[in-house]
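In my numbering, the protein residues as written are 1 to 238.
Set out below in structure tokens:
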């Protein structure tokens, strides 16, 4: 679970971090918290990193949180869940944020237990929404989330559950670079993260099993020192 927190007040940023860290410590899935004091810095990371949740202050000296929220909804195919956390608590402000795409709105000063409950509810709703989109098609590949299977022209491709989830993540983020850190945090427990070989091995298998080659319309690029990016390309035969 990767969470980005945007707030230009260091004390408030630490308070949100501490609250979410309590949720992370109580859960089974590892969390990774990333804090930003400038909207520009968060936007820069959003162009190259993937997050599951954004906690956004509204008023910042450069790019405000509402503008960041609007950018994610305009430019990302699968934008992360987002909660506005701000001292602006007027009815018109709340309506504007929700209409822009915020999943929830929490007023400052926030109560830690309330924030944790709202975060949990937003993540639960997003998980349910993803579950309803059970079948996704990418050229001749069909992903079935209910069965955790991939088929090509109706024929199943034998994959492990981890291979399926890693492939689904790559295809759901076409054209976006995904860092090794993100992929390990999402798909590997801590005890398996000491080496880069498990990820490299899985990438190699996916290239072969799914035919991620230019003649089939795909290019799985290795970004040196960073991670991987899956791109859709025009098949060479065309």
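Even glycine gets a Cβ: it sits at the ideal position worked out from N, Cα and C. The model shown is predicted, which means the values in this text are computed figures rather than measured ones.
In the structure shown, the three-state DSSP call for residue 219 is strand. Residue 209 carries a helical assignment under DSSP once its states are collapsed to helix, strand and coil. For residue 172, the uninterrupted alpha helix (DSSP H) segment begins and ends at 161-172. By the Cβ-count criterion, residue 114 is exposed, with fewer than 16 other Cβ atoms from all chains shown falling within 10 Å of its own Cβ. In this chain, the alpha helix (DSSP H) harbouring residue 73 covers 65-75. Three or more beta-carbon pairs separated by less than 8 Å are not found between the segment 85-93 and the segment 36-47, which leaves the two stretches without contact. Boundaries of the alpha helix (DSSP H) around residue 184: 180-187.
The closest CA to that of residue 201, considering only 48, 98, 162 and 216, is found on 162.
Shown here, residue 25 sits in a helix according to DSSP, grouped into three states. In the three-state reduction of the DSSP assignment, residue 78 falls in the coil class. Under a 10 Å Cβ-count criterion, residue 226 is classified as exposed, with fewer than 16 other Cβ atoms of the shown protein chains found around its own Cβ. Of the candidates 231, 29, 150 and 51, the residue whose Cα lies closest to the Cα of residue 210 is 150. Residue state for residue 122 is assigned as helix, using DSSP reduced to three classes. When secondary structure is reduced to three states using DSSP, residue 115 falls in the helix class. DSSP places residue 30 outside both helix and strand once states are collapsed to three, so it counts as coil. In this structure, the beta-carbon distance from residue 203 to residue 224 does not fall below 8 Å.
Around the Cβ of residue 166, a 10 Å sphere holds 16 or more other Cβ atoms; the residue is buried. Between the segment 75-84 and the segment 53-61, the count of Cβ pairs shorter than 8 Å is three or higher; the stretches touch. Collapsing the DSSP output to three states places residue 140 in coil. In the three-state reduction of the DSSP assignment, residue 214 falls in the helix class, which pools H, G and I.
Contact annotation: the segment 115-124 does not touch the segment 135-148, with fewer than three C-beta pairs closer than 8 Å. From the listed residues 108, 111, 216 and 122, the smallest Cα separation to residue 102 is found for 122.
In this structure residue 141 does not touch residue 230 by the C-beta definition: roughly 12 Å separates them, more than the 8 Å allowed. By DSSP's assignment, residue 227 forms a beta bridge with 179 and 223.
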